[in-house]
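Novice: FYI, in this note's numbering the residues of the sequence shown are 1427 to 2092.
We treat Cβ as the ideally placed atom computed from N, Cα and C, and that holds for glycine.
Handing you a structure now.
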Amino acid sequence: MNFASLQGYIMTFFVPLQGITTIIPSHKSSLQPTSNPNIPPLSLILFIFEKNTQQVMKRIIYIIFCTFLISCGQYNAELENALKLAGENRGELEKVLYHYSQNPSDSLKLQAATFLIENMPEHYTLEGSLINACRERIDADTTASYFAKKTLDISLSHMDQFRHTANKKEDVQNIKADFLIRHIDRSFENLNSYSWLEDIPFDLFLEYILPYRFANERPDLWIDSLHISPKKLQELLFRDDVKYTITRTEYALEFSETKIYFQSNFINELLHQDIYRDCKHLSTQRNFKSRAFSLPSAIDFIPHYANRNGYHYWNKIISPESKNSEISGALEHKTAKVYRKTYSRHPLIKTETTEYIPEFFKNPFLLDVSNEYLQTTDVSIHVPKYLKNSSDYAYLCVFNNLKWTPIAIGYIAHASVKFNDMGKNLVYLPAYYHDRKLTSFNYPFILSLKGEVKHLVPDTNNRQKLILTRKYPSNGNLYSYNIMLSNLILEASNQPSFQHPDTILRSVSQTPTYCEEKINTSKKYRYWRISHPHPLSFAELYFFDSQGKLIQGQSDSIFQAVFDGDPLSNIYQGKESFSVDFSKPVNLSKIICLPRSDGNGIYPDNEYELFYHDLKGWKSLGRQTATGFEIEYDNVPQGALYWLHNHTTGIEERIFTVTNGIIRFW
């Protein structure tokens, strides 16, 4: 049965009901009251009936509409569930469905309304004293534009300090018909007006253009508050190479409204952080802009990098004609998984036990899109019998922020667990939750580029010696900083003017992480001068006397950073030189130069601890306080996964393996 037939079917019920009002006298008619005081006057009965007839008929029509769907085998369980959850607000949502069911020309709008309502459960606005107070201050600002205020409101709902203190105001129980109808109508006006949306697949429109909200912000008619510049739309008419291509249109559009952002001091005072440097906020800003331009878009994100600390979020333009697999802003940072935020709901993780499952994996609005960006493979890992009997789910974890963090979930079936679409050339740890504690159930493994699983099993019968110079992988910048120091020139004099200096060194030798050179002279000098034929940056200078002891001199204040013992404080030296005054003539035996660096080398007086990973977790090989720029461990089991931790300072540390004496960081 088509929509026109449905309309006729409904009207066979609707027309007779309309006729009822023509045969019932008005409540103004002269009717005699009944003699029974417990029965209301007939005029009152007729008045109430006439007043509510239209509401009753609308309800009957909607019931018939739902009955039709059931009878045709098109019963929508998700829609009915949403309507049940709406409670007293059900009538508002039904009003939207009824509104678009009256005219066959609104059939697509009815589908859109159904999509929004059936996926509405668990979409909500965060409300609470703390977040509401911030919103009041945002609203009261008279300098920032609507775009900036709306973007900031969206960003508030991402922040833990607000999420942990707020309540959820559910959309199904609060969204009103007028709001939803207006939003749908305006979305379709745009759909039918813009050249780049011509022939766009309807499912892309529903998921990536239509939704009225972005996160857990306050819902409003933002679609009426921002407008594309008519001038830019006019210009687009003459750009045949752009106007039909979604991915190129973004850069050709502007808003009519001015985008004035909040002052940085306002943001810092309000939130105590600079969110304009955070990819979460920047992706929110760009996503809001894209959607206000009626460009299909979503926020894709890496919840935890697999080869470094941190996360990454970006705005993704969804094109129906081409795939762009670039992870915007991620550079060489690797990932095991990429997820997408959606408006539509996805199947929930279900368990028949009371086992703990992290909230991340219970979020119904996340879609795994890893295979859109990565060359992935499925992975099956053996599970022990005790795990099969106690848990339904297991996890693959990556090492991030100095701990293992679950990145993928898999259902335990028989004696193994399967994880779908995993990124390659990474190290993973299989784990499960025991009493809410993440616990390994197998050895960590490398998932090779060939898709092979190579478990890292420590061989305690065969030991090796490791000489460690870093706790984090190096890169090209660090190498270039180091190599530039090799042409360093060292001169000495007993006169501060250096009128006739002695040249002690014309170059220094390189090690992988620093430069050093012995000084072969028996003369003593009070003043020592550093120069270089090219500009360079370096972090520290160490001078050793004839007894091999570190001695300290004085220099101009602008160069003191090279004597403060901090490898993260650097100086930039042009072609000019600088001198060091030891207050008396001294005989030097060696100089060490640390290049500009990331502070992840080995440094004197820092305490380090080396671990290897066995079946039960990290096992310590002992602590050492470094006396130089490397530390040595012997009696280290071969074939394992290792981690060098600095207990003194720093947060950047990576796991590593050793093959034929070569260290590889992961």
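1. Going by beta carbon distance, what residues of the same chain come within less than 6 Å of leucine 1855, once the five residues before and after it are set aside?
2. Closer than 8 Å is the cut-off here; do at least three beta carbon pairs connect the stretch 2047 to 2067 with the stretch 1877 to 1894?
3. Per DSSP, what are the beta-bridge partners of phenylalanine 2004 in this structure?
4. Beta-carbon of aspartate 1567 versus every beta-carbon of chain B: anything under 7 Å?
5. To the nearest angstrom, how far is the alpha carbon of phenylalanine 1964 from that of lysine 1850?
6. Here's the rule: buried if 16 or more other CB atoms are within 10 angstroms of the residue's CB, otherwise exposed. What is proline 1442?
7. Rounded to whole angstroms, what is the Cα-Cα separation between alanine 1820 and threonine 2083?
8. Give the straight-line distance between the Cα atoms of glycine 2076 and lysine 1776, rounded to the nearest whole angstrom.
9. Could you check where the alpha helix (DSSP H) with isoleucine 1693 kicks off and where it finishes?
10. Buried or exposed for lysine 1863, please, with buried defined as at least 16 other CB atoms from any protein chain shown within 10 angstroms of its CB.
11. Assuming contact is defined by CB atoms lying nearer than 7 Å, are isoleucine 1607 and threonine 1673 in contact in what I supplied?
12. In angstroms with no decimal places, state the Cα-to-Cα distance between leucine 1793 and aspartate 1726.
13. Considering only DSSP beta bridges, list what glutamine 1711 is partnered with.
14. Put valine 1598 into one of helix, strand or coil per three-state DSSP.
15. Quick one: give me the first and last residue of the beta strand (DSSP E) that threonine 1540 is part of.
16. Sort out for me which residues DSSP pairs glutamate 1661 with in a bridge.
17. Taking the alpha-carbon positions, what's the proline 1463 to arginine 1639 distance?
18. Skipping 5 residues on each side, what residues in its chain have a beta carbon closer than 7 Å to that of proline 1884?
19. Roughly how many angstroms lie between the CA atoms of asparagine 1515 and glutamine 1660, to the nearest whole one?
20. What does a CB cutoff of less than 8 Å around aspartate 1971 pick up in its chain, not counting 5 residues either side in sequence?
21. Alpha helix (DSSP H) containing valine 1522: first to last residue?
22. To the nearest angstrom, how far is the alpha carbon of alanine 1839 from that of serine 1651?
23. When we look at the beta-carbon of serine 1497 and count the other beta-carbons within 10 Å, is it buried (16 or more) or exposed?
24. In whole angstroms, what is the alpha-carbon distance linking histidine 1653 and serine 1716?
25. Going by DSSP, which residues form a beta bridge with isoleucine 2081?
26. Please report the distance separating the alpha-carbon of leucine 1647 from that of alanine 1718.
27. Determine the direct distance from the alpha carbon of histidine 1730 to that of serine 1583, and round the result to whole angstroms.
28. Using CA atoms only, rank isn't needed, just tell me which of Phe1573, Ser1874, Thr1802 and Ile2081 is closest to glutamate 1683.
29. Going residue by residue through the stretch 1859 to 1929, where are the continuous beta strand (DSSP E) segments of at least 3 residues, counting only ones entirely within it?
30. Measuring alpha carbon to alpha carbon, tell me which residue in Arg1589, Lys2042, Met1848 and Ile1649 is nearest leucine 1617.
31. Which same chain residues end up closer than 8 Å to serine 1690 when comparing Cβ atoms and leaving out the 5 residues on each side of it in sequence?
32. What would DSSP say about asparagine 1642, mapped onto helix, strand or coil?
33. Check whether the Cβ atoms of arginine 1952 and lysine 2010 sit closer than 7 Å, and answer yes or no.
34. Using DSSP bridges, identify the partner residues of alanine 1834.
35. Report buried or exposed for lysine 2042, applying the criterion of at least 16 other Cβ atoms within 10 angstroms of its Cβ.
36. Between threonine 1895 and glycine 2027, which are expected to be in contact by the criterion C-beta below 8 Å, what is the C-beta distance as a whole number of angstroms?
Specialist: On the basis of the data shown:
1. Taking the sequence shown and counting its residues from 1, one reaches residue 1855 at position 429. Excluding residues within five positions, the ones whose Cβ falls inside 6 Å are Cys1823, Trp1830, Ser1866 and Pro1870.
2. Touching, per the Cβ criterion.
3. Within the sequence shown, numbered from 1, the residue matching residue 2004 stands at position 578. DSSP, once it has assigned bridges, lists Ile1956 as partnering phenylalanine 2004.
4. In the displayed structure, chain B is absent; only one protein chain is listed.
5. As a working note, residue 1964 is residue 538 in the sequence shown. As a working note, residue 1850 is residue 424 in the sequence shown. Across the structure, phenylalanine 1964 and lysine 1850 are spaced so that their CA atoms are roughly 37 Å apart.
6. Here residue 1442 corresponds to residue number 16 of the sequence shown, with the count starting at 1. Note that proline 1442 scores 39 on pLDDT, short of 50, meaning its location in the model is unreliable and no value can be drawn from it.
7. By 1-based counting over the sequence shown, the position of residue 1820 is 394. By 1-based counting over the sequence shown, the position of residue 2083 is 657. C-alpha separation (whole angstroms): 25 Å.
8. For the purposes of this step, residue 2076 is taken as the residue at position 650 of the sequence shown. For the purposes of this step, residue 1776 is taken as the residue at position 350 of the sequence shown. Roughly 40 Å between the two C-alpha positions.
9. Counting from 1 along the sequence shown, the entry for residue 1693 is found at position 267. 1690 to 1697 is the extent of the alpha helix (DSSP H) around isoleucine 1693.
10. Here residue 1863 corresponds to residue number 437 of the sequence shown, with the count starting at 1. The residue in question, lysine 1863, is exposed, as its Cβ has fewer than 16 Cβ neighbours within 10 Å.
11. Stepping through the sequence shown from its first residue, residue 1607 is reached at position 181. Stepping through the sequence shown from its first residue, residue 1673 is reached at position 247. Cβ distance not < 7 Å, so isoleucine 1607 and threonine 1673 don't count as in contact.
12. Residue mapping note: residue 1793 aligns to position 367 of the sequence shown, counting from 1. Residue mapping note: residue 1726 aligns to position 300 of the sequence shown, counting from 1. Cα to Cα, leucine 1793 sits roughly 9 Å from aspartate 1726.
13. If you number the sequence shown from 1, residue 1711 lands on position 285. None; glutamine 1711 has no bridge partner.
14. Residue numbering aside, residue 1598 sits at position 172 when the sequence shown is read from its first letter. It is helical.
15. As a position in the sequence shown, residue 1540 is number 114, starting the count at 1. Looking at the DSSP string, threonine 1540 is not in any beta strand (DSSP E); the run it does join, the alpha helix (DSSP H), is 1533 to 1544.
16. In the sequence shown, the residue the question calls residue 1661 occupies position 235. In the DSSP output, where bridge partners are listed per residue, glutamate 1661 has none listed.
17. On the sequence shown, residue 1463 is found 37 positions in, with the first residue counted as 1. On the sequence shown, residue 1639 is found 213 positions in, with the first residue counted as 1. For proline 1463, the pLDDT reaches just 43, beneath the cut-off of 50, and the residue's location in the model is therefore unreliable, although a value from the coordinates is still provided. Straight-line Cα distance between these residues: approximately 55 Å.
18. In the sequence shown, residue 1884 corresponds to position 458, counting from 1. Closer than 7 Å at Cβ, skipping near neighbours: Tyr2038, Asp2040, Pro2063, Gly2065 and Ala2066.
19. If you number the sequence shown from 1, residue 1515 lands on position 89. If you number the sequence shown from 1, residue 1660 lands on position 234. So the alpha carbons of these two residues sit roughly 43 Å apart.
20. In the sequence shown, the residue the question calls residue 1971 occupies position 545. Once the five neighbours on either side are set aside, the close Cβ partners of aspartate 1971 are Ile1977, Val2012, Asn2013, Leu2014 and Ser2015.
21. For the purposes of this step, residue 1522 is taken as residue 96 along the sequence shown, with counting starting at 1. It spans 1516 to 1527 - the alpha helix (DSSP H) in which valine 1522 sits, taken as one unbroken run.
22. Locating residue 1839 in the sequence shown gives position 413, where the first residue counts as 1. Locating residue 1651 in the sequence shown gives position 225, where the first residue counts as 1. Answer to the nearest angstrom: the Cα atoms are 51 Å apart.
23. Taking the first residue of the sequence shown as position 1, residue 1497 is located at position 71. A caution first: serine 1497 carries a pLDDT of 42, below 50, which makes its placement in the model unreliable, though a value can still be read off. Exposed, since its Cβ has fewer than 16 Cβ neighbours within 10 Å.
24. On the sequence shown, position 227 is the one that residue 1653 refers to. On the sequence shown, position 290 is the one that residue 1716 refers to. Straight-line Cα distance between these residues: approximately 12 Å.
25. For the purposes of this step, residue 2081 is taken as residue 655 along the sequence shown, with counting starting at 1. DSSP output for isoleucine 2081 lists Trp2069 as bridge partner(s).
26. Mapped onto the sequence shown, residue 1647 falls at position 221. Mapped onto the sequence shown, residue 1718 falls at position 292. If you take the alpha carbons of leucine 1647 and alanine 1718, they lie about 11 Å apart.
27. As a working note, residue 1583 is residue 157 in the sequence shown. As a working note, residue 1730 is residue 304 in the sequence shown. Going by the C-alpha atoms only, they are around 20 Å apart.
28. On the sequence shown, position 257 is the one that residue 1683 refers to. Among Phe1573, Ser1874, Thr1802 and Ile2081, the Cα nearest to that of glutamate 1683 is on Phe1573.
29. Counting whole runs of 3 or more residues, the stretch 1859 to 1929 contains the beta strand (DSSP E) stretches 1863 to 1866, 1871 to 1873, 1879 to 1881, 1885 to 1894 and 1915 to 1919.
30. Here the question's residue 1617 lines up with position 191 in the sequence shown. Selected option, being the one with the closest Cα: Ile1649.
31. As a working mapping, residue 1690 is identified with position 264 in the sequence shown. So the list reads Asp1700 and Tyr1702, once near-sequence residues are dropped.
32. Mapped onto the sequence shown, residue 1642 falls at position 216. Three-state DSSP puts asparagine 1642 in coil, outside helix and strand.
33. Position 526 of the sequence shown, counting from 1, holds the residue named residue 1952. Position 584 of the sequence shown, counting from 1, holds the residue named residue 2010. Result yes, Cβ atoms of arginine 1952 and lysine 2010 sit closer than 7 Å.
34. To locate residue 1834, count along the sequence shown from 1; it is residue 408. Alanine 1834 pairs with Leu1822.
35. Reading the sequence shown from its first residue, position 616 is the one you call residue 2042. By the neighbour-count rule (16 or more Cβ atoms within 10 Å), lysine 2042 is not buried but exposed.
36. Locating residue 1895 in the sequence shown gives position 469, counting from the first residue. Locating residue 2027 in the sequence shown gives position 601, counting from the first residue. Indeed, because the Cβ distance is near 6 Å, the residues count as touching under 8 Å.
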